[in-house]
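A.B. asks:
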Amino acid sequence: MVAQLDTVDSPERRKLLGIWETAPGLYGWLASVDHKTIGIRYLCTAFFFLVIGGIEALVMRAQLAQPDLKLLSPDAYNQLFSMHGTTMMFLYALPMLSGFSNYLWPLMLGSRDMAFPRLNALSYWVFLLAGVFLYVSFPMGQAPNGGWFAYVPNTNLQYDPGINMDVFSLGLIFLGISTVVGSANFIVTLLRCRAPGMSVNRLPIIVWGTFTASAANLLAVPAVSLACAMLWLDRRYGTHFFDVPGGGQPLLWQHLFWIFGHPWVYALVLPAMGIVSDALPVFCRRPLVGYTLVAISTVATMILGFGVWVHHMFATGLPVMSLSFFSAASFVIAVPSAVAVFCWIATIWTGKLQFKTPFLFFAGFVMLFVIGGVSGFMTASVALDWQLTDSYFVVAHLHYVLLGINVFPVIGGIYFWFPKMTGRMLDERLGRWTFWTMFVGFNVAFFPMHITGLMGMPRRVYTYPAEMGVGWLNLISSLGALIFAVGVLLFLVNIVKGLRSGEPAGNNPWDAPTLEWSTTSPPPVYNFATIPQVASRHPLWESRLKESEERSVIGDKASDGMVLDKGKETIGVTPLDAEPNVVLKMPGDSILPFLLALGMAVLFFGLLSQAVWLMVTGVLCEIAILIVWLTPKPHPADEEVEVYE
Amino acid sequence: MSIIRVAVGAVILVILAVGVTAWWVTTRAQTDARVAVAWPEGVAAAVPQGLSAGEAPPITVSIDNPLANDPNAAEEGKKLFSQMNCAGCHGYDAKGGMGPDLTDIEWRYGGRPIDIFKSIYEGRAQGMPAWGNALPTAPIWQLVAYIQSLGGTFAPSAEGQPQQAVNQGLGAQAGQKQ
Amino acid sequence: MKRLIAIGLTISLAGCSAPLSYLDATSPVGGSIASLGWGLTAISVGVCLIVGVLLLVAIWRGSPRGAATVVPVNDRAPIRWIGVGVAISTVFLLGSAIWTLVTVHSIAGSPRPAALSIDVIGQEWWWAVKYRSDDPSREFTTANQLVIPVDVPVQINLTSRDVIHSFWVPKLGGKMDMIPSRTNVTWLEADKIGDYRGQCSEFCGLQHANMAFNVRVMSQADFDAWRNQQLQPAASVAGDPRLRTFMVRCAACHTVRGTPAGGILGPDLSHFGSRETLAAGLLPNTPENLARWINNTQTIKPGAKMPELHMLASETADVTGYLEDLK
Amino acid sequence: MNSGTSGFLLAAILLAPLSAPALAQSAQATSTTQSSYSGATADFAGAGQAGEWTSQARDYANTRYSPLDQITPTNVGRLKLAWTFSDGTQYGHEGAPLVVGDTMYLVTPFPNTAYALDLSKPSPSIKWKFEADPSPQSIGKACCDAVIRGWAYADGKLIYNMLDDHTVAVDANTGKQVWRTEMDKVSHGVTMTQSAFVADGKVFVGNSGGEMGVNGWLAALDLGTGKELWRAHAVGPDSDVRIDATFKPFYDWMKGKDLGVKTWPPNAWNTGAGASWGFVSYDEKTKTIFYGTSNPGPRVPVQRPGDNLWTSSMFARDPDTGMAKWGYQFTPHDQWDYDGVNEAVLLDMPIEGKMRQTLVHFDRNTYAYTIDRNTGEVLVAGNFAYQNWSTGFDMKTGRPIVDPAREPKPGVKIDKVCPPDIGQKDWEPPAFSPATGLLYVGVFNICMSLTDHEVSYIAGTPYDGMEMQRFSVDGSDGNWGGLLAWDPAHGKKIWEIPEKFMVMSGVITTASNLVFYGTTDGWFRAVDAWTGKVLWSQKLGSGIIGQPITYMGPDQRQYVAVAAGVGGAAMVQQARDGFLPRGNTLYVFSINGDTITAPNEDTPSAVSPSEASSSPSQQ
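For the protein sequence lines, the chains are A, B, C and D, in the order given. Going by this note's numbering, the first residue of the first sequence is number 89, and it counts up by one from there. Going by this note's numbering, the first residue of the second sequence is number 475, and it counts up by one from there. Going by this note's numbering, the first residue of the third sequence is number 4, and it counts up by one from there. Going by this note's numbering, the first residue of the fourth sequence is number 5, and it counts up by one from there.
1. Please list the terminal residues of the continuous beta strand (DSSP E) segment that includes residue 774/A.
2. Does the CB of residue 213/D have a neighbour CB from chain C at under 7 angstroms?
3. Since residue 83/C is in the alpha helix (DSSP H), which residue starts that stretch and which ends it?
4. Tell me, please, whether the CB atom of residue 396/D is closer than 7 angstroms to any CB atom in chain A?
5. Would the region 205-215 of chain A and the region 261-271 of chain A be scored as touching if the rule is three or more Cβ pairs under 8 angstroms?
6. Identify the contact partners of residue 226/A in chain B, using a Cβ-Cβ distance below 9 angstroms as the criterion.
7. Which first and last residues belong to the alpha helix (DSSP H) in which residue 595/B is found?
8. Looking at C-alpha atoms only, which residue of 306/C, 320/C, 277/C, 171/C is the closest neighbour of residue 295/C?
9. Select from the region 453-467 of chain D all residues with a C-beta closer than 8 angstroms to any C-beta belonging to chain C, and list them in chain order.
10. In whole angstroms, what is the alpha-carbon distance linking residue 596/A and residue 504/A?
11. By how many angstroms is the C-alpha of residue 218/D removed from the C-alpha of residue 47/A?
12. According to the neighbour-count rule (16 or more other Cβ atoms, all chains shown, within 10 Å of its Cβ), is residue 482/B buried or exposed?
13. What does residue 625/D touch in chain B if you count any residue whose Cβ is under 9 angstroms from its own?
14. Give me the Cα-Cα distance between residue 191/C and residue 159/C, rounded to the nearest whole angstrom.
15. Residue 537/D versus chain C: which residues are under 8 angstroms apart at the beta carbon?
16. Check whether the Cβ of residue 290/A lies closer than 7 angstroms to any Cβ atom in chain C.
17. Are the region 97-115 of chain C and the region 123-140 of chain C touching by the rule of at least three beta carbon pairs closer than 8 angstroms?
18. Given this structure, state the Cα-to-Cα distance separating residue 119/A from residue 569/A, to the nearest angstrom.
19. Residue 344/A lies in the alpha helix (DSSP H); which residues open and close that run?
20. Residue 580/B CB to nearest chain A CB: under 7 angstroms?
21. Less than 8 angstroms between the CB atoms is what I'm expecting for residue 71/D and residue 573/D, so what's the real figure, rounded?
22. Anyone know if the C-beta pair for residue 172/A and residue 198/A falls short of 7 angstroms?
23. Of all the alpha helix (DSSP H) runs that stay within the bounds of the region 631-714 of chain A, which reach a length of 4 or more residues?
24. Would you kindly check if the distance between the Cβ of residue 617/A and the Cβ of residue 640/A is under 7 angstroms?
25. Do residue 414/D and residue 468/D have their C-beta atoms within less than 7 angstroms of each other?
26. Can you give me the C-alpha to C-alpha distance between residue 231/A and residue 204/C, rounded to a whole angstrom?
27. Name, going along the chain, the residues of the region 268-281 of chain D whose beta-carbon falls closer than 7 angstroms to a beta-carbon of chain C.
28. When you compare each of 350/A, 312/A, 483/A to residue 169/A by their alpha carbons, which one comes out closest?
29. Which class does residue 274/C belong to by DSSP, given the choice of helix, strand or coil?
30. Terminal residues of the continuous alpha helix (DSSP H) containing residue 460/A?
31. Out of 255/C, 43/C, 309/C, which one is the CA nearest neighbour of residue 557/B?
32. Is the shortest distance between the beta-carbon of residue 627/B and the beta-carbons of chain A less than 7 angstroms?
33. Okay, do the region 467-487 of chain A and the region 528-545 of chain A touch, 3+ Cβ pairs below 8 angstroms being the bar?
34. Any beta carbon from chain A within less than 7 angstroms of residue 539/B's own beta carbon?
35. Cβ of residue 259/D less than 7 angstroms from any chain C Cβ?
36. Quick check: what's the CA-CA separation for residue 142/C versus residue 258/C?
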């Protein structure tokens, strides 16, 4: 039963508030390790980079609107398309999803915080500083200009002597630290920090998505960090990993990059598919059809994702036998996605729909997912890919997939969880305008690119001759991009309006079933007064669904569940069945993550500028901070450990 | 709280604006540099186009290499050094062969950038061909940039006579008739 | 939604007459890929239509008539339908996979032994084309243009002198990367005489956009005549003043066989007059374009390796006249 | 004819201190009544008087054998320095002085000044001096140092090639110029370092510039007037190469019309090099001259597919018309700069029991050929030193078999190719001793790491494109060279003296079974012709790349003279410690150093100050 939680002023809550509250002022702001603060910071910073990447795209579309325009010089265009790709892929897509997951996991799993709160803060600060690092050479007109794929030998010192590609390679290694650290945190949180009863088959699909993405990142990100380190050593220290005269192999870079590249693009979409799988059923007033099917298809997609990377290299002249193997694997990977799509459609089909803005985004998402999916299916065919690869057809495919499966669910997700995060509702009418502008703009911008691709327009060209016959299609694309940008603007307006004057949302404005809707909006800093006991996948719909007799217990009084108020504590459970077995002592707020990130930044700026003294100071700061970070602090007497029998 | 938030927002916007304009200006400059001919002022006035090399009147002004701070210049110069057959005489490591060593500080016709420019542009008496016609000035300055990157050249301001070969015994050239 | 896809299709039909579109290719390689392409496109459009209709019907069915309350659900039927849907898609996927493998097998190697072997060497932003032969005195180099006989399989050996480029003639076959330190072999066969457009399709730096070339397909007789003409040295008179200007201004980077000009940094200009385009397919080969190209190289193709020469008008006229006469 | 590691490994090496050479191990007992190994004999036509030395090779057959025997293995130990003459130039001194009557004539490297030294007076005393005054532009075009490889004396005139492509004749008595002919243009990258060869009333001169993409030629000038009679190119149509119906090469792959064009990509032959800067030999009986042509241009083989005839080849021509009688290509489609210019020593010897008129040629590709000089058939082809570019020699077709692993490709570094570009024997001429029947030749023991770069042809600049570093076959502290005794009839090495540095000097033999040679770190040695035992050594002021001579002075004493002055290809050892600086000096030796000394009036006597003050110092 769901006790209608009273206001915040009960004595237990005031004690918990005292334990968990972050200190006021700048120190508190920098030192906060609360997963909700970090989540929101991730969302805002990622959105900021989305806007920057978007502006870069608009300038590129302006240059390509008509043949032989002279708005951008080739240097400028190469820097723009490289930074557009790098920003969107690295600084927007995954951080945005990390924002959602950081915010929602503890609330959805019934825990008070992530497994490693300080590590969580570190992953955000390193992400922020890496983003700044990647843009440090932009004002000097030497932004990375080798494309986000940075194929050698074009990015070798011999052909790109400026610091452009040093910023890129070091920036990617720097950002890789944030991704890997974040992934480790998500995995351990899933395995240990859940509410009792939240067994593996009751996890929301976004948890499945992010968990799979994190596991993949632990395996994939080291590949690109290694490749970038080798590129940087080639450029600055004369090694010959990729340097042809010295016996290096240019194809080695492509293999290393795409072994990371393909799992990475799946890591960018699986959590977003998770958002849809969790939020769409709310507007169908019924649980997701085929929960286990969707969960298994999420994991299957990622596992297969590691076996298809050579479909990015079909035209490099590798033996046809191996290309055929990867082509077949790329066909098979469409099956799990088909399962997920049919499940969503079935949910809509058998549901009683509420045409709210999030629903529009999720319905639009399903359609774009399928269009992007089939253009992917076409490029999976190795023979056809010999005509399609490196043409605008692939540009259309990747935008349908990345915007269709990442941006639309993310915007829908923000419309869905904004009330929970801020306690205020977003305007529905403005929301509907946002959706239709973005949807129409998107399709007008990117569908014609299928046609320009089939007409042979190559990728990454700063201009094209008039007689190629693609002038008017590019104009349409450019206009579409503009409409899409207006849509994003409307979304921003809605956010600002919502923050200032959105009417109060209450605990569960959408009457959604999952745990986070049982708390106040915005949730208190300690999330739950007592650790909830979970009995099903839809704790707040159990009474109406009548699937089984047990009921989840989410209460205020000590009898409802563990209060755990002897210091910052949360419950640790066994991985599969979620039986509580230890009380976890959580570290308090700390400035160390911020300082460690600064130390890393100093080290990387030293590496970039080859200033040895800067490198040395960076390393020494790191060691010092790590020592302080890792020395265990004795807990005060009254927080002695309460062993759970 | 909101004043700080607005202030931080304003600072971010200013940084963004400055960054974008700086980017626009510098990329424009990179392209224009490629279009403009990197003529040293002294040489430009003195040498009308089309004159066969060797007839260039002496260049008195001593200026620095206009491509000095362009990272591409030295790299392009290194490629030209092998493709224009300079490596054939001066060695692929520029340590000398038929022609003198370009990495040491012995310069028979001067070690300043403008002297090296003239040696390439006008050619020299003992077999150095004149490149003034075959190569416009930008590639010649790129070659000078490469030679400067080898560390043996003097600063543009180093006055005085071109550096005589320090050690008379050095190399094959000292034996010939003065 | 469906209207959008329908419009898209009609546009693409109009688009396939575009020079770089592979959709209307009829050559042995290009043709078989085009049929595979149309097939998979049809399947894709079909899937989109089906899913689109399903989605719209689902949305129409799901619009609430009464109160939107949460009630117990029984998902056995939808799951069965999902199984049907997945089965159908798997069938289509496997069918397409097999069709792909069959096509790949048929176009991977040329059925008949190649009668002609051509090396195409990509470099920063132009193409060196070298016609091989067992008799060394019949090997010659030209640039930015491939001339091949019709109905004859031609072996193309691809490599690069600097970064990775990609050789692509949409109407004659798929693209193949040109990687330094490696030689990739592909083959072309044209079934119709005419001119075809080729384009570099791997990002290779500043002028990747303006790195095109054309393939001229001739009858066997015309090809043999063209080839013998290319083997002749430049028919230039020794004392020709224009040759003197060319020697002084251009010989360090360009080669004209039969004259002492022997530079290999830039394209081989022997028989330049007989070429259709200049600056790697960027401009049609007319004297005015050539003059404009020589004196404002960096404006037309910023970043190209050819520096701005700033020649006197008389010198430009000399060089332009001389080159256009090299038929 | 096994290739593989040279006999050097078999020799018992006593690693003497750096300077002293190891004792050579001799195959047979040291008795002097030994019969000739090869049974070879030579016709010493064109040799001039016994005590004179009138041309670089002393005779038409290039034997460098002197009939003098005053200095013998027994008294050679008492050889001492008689006098020296420094010619004041720094470029490598490759030539040898000539002695005619009582005068020694000497020509210097750039600026190619000629000196006449009166031997009857206390030497050196200059009779006259001729300033040739060549243009300094030629220094920058000379690939391997501004040198001159020697000259010739005939008909009272001294004839030599100046670096800037002029051939000049100087009257031997007055030192005045008789005639001067311009042969080619320096701006085309052509220089001339070849030693002019006089025979049959004609002067034969060739150009150098294999590295500069020139069009190689050999020309004949009239001895009296210097007018050009004919000029035969190495590449191009048959009319340029002077080939007509009478041309009968022995092997089929060299038969055909205009092979100088057909074995090249179109028009590439024009810059195909094939210069002839080596020594010429002449067979008076069959009236045939023999000379070799240099490497093809550019040195990057990828840029010139095909056999590239007639580069790295040998020609036999009729001296009057210049028409080629036969030709043989040593290294078809040469990929490592193995010129074919080395000398042909004309010997008659029994091969497998039959007496044959042959020529012996030590090629830069490490094969020592014994070829029938009338037909061009290869009789013997054996490796005289270590090499790894060829896996064998096909006697049927007369072509070496190339090891594909050593074929260079642009941009790819090959770690070890032996021999290097300068071969295991460069231009340094061997000597023949009729008594032992052996040929004594200075060799190297080195390899190279090689990277090819495709290269443009820009007139007057190098058109080669090879980047290389040389090193010893036996690792970093291995020996770089040695002196070798070779039996040309059986293609077998008899003994070898290993040397720390390359042996790049000429060699001479004497009737008293002595062999004289010099090393590039300055050692001048006399060696027993039979056993290879080093009998006398003297360290000179600079590395020796000159050619020694021996002559009878007006005082009836036998003198041995050699010019020291390192340069040329020996400079590849510049970075090795123990390498002497440049500086050209002529050293003349005699027994106990006895020579014509000055009568006493030439010696000034001291003047005490008191006597000086008596005569007023109003000078």
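Just so you know, even glycine gets a beta-carbon here, dropped at the ideal spot from N, CA and C.
C.D. replies: On the basis of the supplied data:
1. Since the first residue shown for chain A is 89 and the last is 733, residue 774/A is missing from the structure and cannot be characterised.
2. By 1-based counting over the fourth sequence, the position of residue 213/D is 209. Not closer than 7 angstroms to any Cβ of chain C, the Cβ of residue 213/D fails to qualify, so no.
3. Taking the third sequence and counting its residues from 1, one reaches residue 83/C at position 80. From DSSP, the alpha helix (DSSP H) with residue 83/C extends over 79-111.
4. Numbered from its first residue, the fourth sequence carries residue 396/D at position 392. False, the Cβ-Cβ gap to chain A never drops below 7 angstroms.
5. Yes: the two stretches touch, three or more of their Cβ pairs being nearer than 8 angstroms.
6. Residue 226/A sits at position 138 when you count from the first residue of the first sequence. Residues of chain B passing the Cβ test: 493, 494, 496, 497.
7. Stepping through the second sequence from its first residue, residue 595/B is reached at position 121. Where residue 595/B is concerned, the enclosing alpha helix (DSSP H) stretches over 587-596.
8. Taking the third sequence and counting its residues from 1, one reaches residue 295/C at position 292. The candidate whose alpha carbon is nearest that of residue 295/C is 320/C.
9. 458, 459, 460, 461, 462, 463, 467
10. Start at 1 with the first residue of the first sequence, and residue 596/A comes out as number 508. Start at 1 with the first residue of the first sequence, and residue 504/A comes out as number 416. If I take the Cα positions, the gap works out to 11 angstroms.
11. With chain A represented from 89 up to 733, any question about residue 47/A goes unanswered, as that position is not in the structure.
12. Locating residue 482/B in the second sequence gives position 8, counting from the first residue. With fewer than 16 Cβ atoms within 10 Å of its Cβ, residue 482/B is classed as exposed.
13. With chain D covering only 5 through 623, there is no way to say anything about residue 625/D.
14. Here residue 191/C is taken as the residue at index 188 of the third sequence, counted from 1. Here residue 159/C is taken as the residue at index 156 of the third sequence, counted from 1. Rounded to the nearest whole angstrom, the CA to CA distance from residue 191/C to residue 159/C is 7 angstroms.
15. Within the fourth sequence, residue 537/D is the residue found at index 533, counting from 1. Result: empty, since nearest Cβ-Cβ is about 52 angstroms, beyond 8 angstroms.
16. The residue you call residue 290/A lines up with position 202 of the first sequence. No, because no Cβ of chain C sits closer than 7 angstroms to the Cβ of residue 290/A.
17. no
18. Locating residue 119/A in the first sequence gives position 31, counting from the first residue. Locating residue 569/A in the first sequence gives position 481, counting from the first residue. Taking the straight line from one Cα to the other gives about 40 angstroms.
19. Locating residue 344/A in the first sequence gives position 256, counting from the first residue. Taken as a continuous stretch (DSSP letters only), the alpha helix (DSSP H) holding residue 344/A covers 338-371.
20. Your numbering for residue 580/B matches position 106 in the second sequence. Residue 580/B has a beta carbon lying at 7 angstroms or more from every beta carbon in chain A.
21. For this step, residue 71/D is matched to residue 67 along the fourth sequence. For this step, residue 573/D is matched to residue 569 along the fourth sequence. The Cβ separation is near 32 angstroms, so there is no contact.
22. Taking the first residue of the first sequence as position 1, residue 172/A is located at position 84. Taking the first residue of the first sequence as position 1, residue 198/A is located at position 110. Their beta carbons are not under 7 angstroms apart, which means residue 172/A does not touch residue 198/A by this criterion.
23. 680-697
24. Position 552 of the first sequence, counted from the first residue, corresponds to residue 640/A. Position 529 of the first sequence, counted from the first residue, corresponds to residue 617/A. For residue 640/A and residue 617/A, no; Cβs fall outside 7 angstroms.
25. Taking the first residue of the fourth sequence as 1, we reach residue 414/D at position 410. Taking the first residue of the fourth sequence as 1, we reach residue 468/D at position 464. For residue 414/D and residue 468/D, no; Cβs fall outside 7 angstroms.
26. Taking the first residue of the first sequence as 1, we reach residue 231/A at position 143. Taking the first residue of the third sequence as 1, we reach residue 204/C at position 201. So the two alpha carbons sit approximately 23 angstroms from each other.
27. 268, 269, 270, 271, 275
28. Your numbering for residue 169/A matches position 81 in the first sequence. Of 350/A, 312/A, 483/A, the residue nearest in Cα terms is 483/A.
29. Start at 1 with the first residue of the third sequence, and residue 274/C comes out as number 271. Residue 274/C: coil per DSSP, three-state reduction.
30. As a working note, residue 460/A is residue 372 in the first sequence. Unbroken alpha helix (DSSP H) run through residue 460/A: 445-468.
31. Here residue 557/B refers to the residue found at position 83 of the second sequence. Cα-wise, what sits closest to residue 557/B is 255/C.
32. The count along the second sequence starts at 1 and reaches residue 627/B at position 153. Output row for residue 627/B: interface = no.
33. Touching, yes.
34. Counting from one through the second sequence, the residue named residue 539/B turns up at place 65. Output row for residue 539/B: interface = no.
35. In the fourth sequence, the residue the question calls residue 259/D occupies position 255. Closer than 7 angstroms: no.
36. On the third sequence, residue 142/C is found 139 positions in, with the first residue counted as 1. On the third sequence, residue 258/C is found 255 positions in, with the first residue counted as 1. Looking at the two C-alpha atoms, the distance is approximately 15 angstroms.
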